[in-house]
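I have placed the structure first, in the form of structure tokens, so that the comments after it can refer back to it.
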Amino acid sequence: MALLISGLTFASVSLAIFAGYRLRYQAKLTAARLQQFADPREEQTKKTRKIGEIDGLFKRILQRITLQLSVNDQEQRWAKLRRQLTLAGNPGDLKPQEFIVLKLTLCALTLVAGFLLLISFLNVVILAAAAWLAPELYLHEKIKNRQLAITLAIPDVLDLLTVSVEAGLGFDAAVAKVIEKVEGPLADEFRRMLYEMRIGRSRREALRDLSERTGVPYLQNFASAVIQADQLGVSISKVLRIQSQEIRRQRRQKAEEEAMKAPIKMLLPLVALVFPSLFIVLLGPAILQFAALF
Numbered sequence: 070m071a072l073l074i075s076g077l078t079f080a081s082v083s084l085a086i087f088a089g090y091r092l093r094y095q096a097k098l099t100a101a102r103l104q105q106f107a108d109p110r111e112e113q114t115k116k117t118r119k120i121g122e123i124d125g126l127f128k129r130i131l132q133r134i135t136l137q138l139s140v141n142d143q144e145q146r147w148a149k150l151r152r153q154l155t156l157a158g159n160p161g162d163l164k165p166q167e168f169i170v171l172k173l174t175l176c177a178l179t180l181v182a183g184f185l186l187l188i189s190f191l192n193v194v195i196l197a198a199a200a201w202l203a204p205e206l207y208l209h210e211k212i213k214n215r216q217l218a219i220t221l222a223i224p225d226v227l228d229l230l231t232v233s234v235e236a237g238l239g240f241d242a243a244v245a246k247v248i249e250k251v252e253g254p255l256a257d258e259f260r261r262m263l264y265e266m267r268i269g270r271s272r273r274e275a276l277r278d279l280s281e282r283t284g285v286p287y288l289q290n291f292a293s294a295v296i297q298a299d300q301l302g303v304s305i306s307k308v309l310r311i312q313s314q315e316i317r318r319q320r321r322q323k324a325e326e327e328a329m330k331a332p333i334k335m336l337l338p339l340v341a342l343v344f345p346s347l348f349i350v351l352l353g354p355a356i357l358q359f360a361a362l363f
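And the structure:
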């Protein structure tokens, strides 16, 4: 897969260079062909120099690709990308290598389309960069929306868990009952946690994996509290109720903080947009009358 990614990257960069070379220097090449009849030696020297420059450029590109695909650095990149895909809920069940291939494919298709449509070199580069960054932006937006949905659903889900446990169900049975009534990313994560516990993983490991897969601080606190209650023999229903109340309190405090930040955020639009218009309306007629006196 690394060889495929390297080949696609090399092909994309080579195609971009070739397209820019053809679109930008077509006129110069035509003039050079006409001058070849007047001075063949000089033309041959120029061609040799250009070939040497292009060869050096390709060598630098290959060195850069080789450096980017080094083993240690690549493992860190794969781990980071795998983490992002997990936080996003594994959209399309993509592996990190497949996600990179998708980005390279979009970039290559954009370069080919720009070359065939004879778009200017600068616009082709901009479109290729946008095609390369689009999957990353989509992934970050997916992570943000998923974490927000989980954060909003946590208190209600914990209330359902608390009621189920207080009614006499065990923690596992309460989770199974909740995922029947609730839909969304949090229900999917609880469903996966329950499946892991059924195939033999301990509750502690399943809860830790749950918190790591989501990256939501509230859910991480919930997992830590349940693990600690399970170790100390504390009533899980009390822990769940306390966690639900604590999460609601933290969300209320965060909402109050955001409300206090609102006037500061509104200051720049007021200064840049509202105040100039207001000054023009109030002072404009007076300035015109004052200017008419002179």
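Sequential numbering from 70 applies to the sequence shown in our numbering.
Using N, Cα and C, we set each Cβ at its ideal position, and we do this for glycine too.
Every value quoted in this text rests on a predicted model; they were computed, and no experiment measured them.
At which residues does the alpha helix (DSSP H) containing residue i begin and terminate?
i    : result
E325 : I305 to P338
K213 : F190 to E235
G420 : The question about residue 420 has no answer, for the chain in this structure spans 70 to 363.
K164 : From DSSP, K164 is part of no alpha helix (DSSP H); its letter is neither H nor E.
A294 : P286 to L301
P254 : P254 to R267
S280 : R272 to T283
V247 : F240 to K250
Assuming contact is defined by CB atoms lying nearer than 9 Å, are residue i and residue j in contact in what I supplied?
i    : j    : result
S293 : S280 : yes
L301 : I212 : no
L178 : A200 : yes
Q319 : Y287 : yes
P204 : L171 : yes
V244 : M262 : yes
K164 : R151 : yes
I311 : P224 : no
I188 : L196 : yes
Take the Cβ of residue i as the centre, count every other Cβ of all protein chains shown within 10 Å, and call the residue buried at 16 or more, exposed below.
i    : result
E144 : exposed
K149 : exposed
M335 : exposed
G183 : buried
F291 : buried
Q216 : buried
A360 : exposed
L285 : Looking at the sequence provided, one finds Val at residue 285 rather than Leu. By the 10 Å Cβ count, V285 comes out buried.
L342 : exposed
L173 : buried
Kindly list the residues whose CB is nearer than 8 Å to the CB of residue i, restricted to its own chain and excluding five residues on each side of it in sequence; keep chain order.
i    : result
I296 : R272, R273, L276 and R277
I305 : V234, F240, V295, A298 and D299
N192 : G183
L72  : With a pLDDT of only 45 at L72, under 50, the local geometry of the prediction cannot be trusted, and the value read off the model is given with reservation. Closer than 8 Å at Cβ, skipping near neighbours: no residue.
M266 : D241, R272 and A275
G158 : K211, R215, P254 and D257
So, at 7 Å on beta carbons, what are the nonlocal neighbours of residue i in its own chain, with the 5 sequence-adjacent residues on each side left out?
i    : result
Q153 : L208 and I212
R282 : T155 and E258
E326 : none
G269 : none
Between which residues of its own chain and residue i is the CB-CB distance below 6 Å, once the five residues before and five after are set aside?
i    : result
G253 : A218 and A222
I74  : Because I74 sits at a pLDDT of 48, beneath the cut-off of 50, its placement in the model cannot be relied upon, and the following sentence gives the value as read from the coordinates. Closer than 6 Å at Cβ, skipping near neighbours: I169.
L309 : L227, L230 and T231
R260 : I248
A256 : I248
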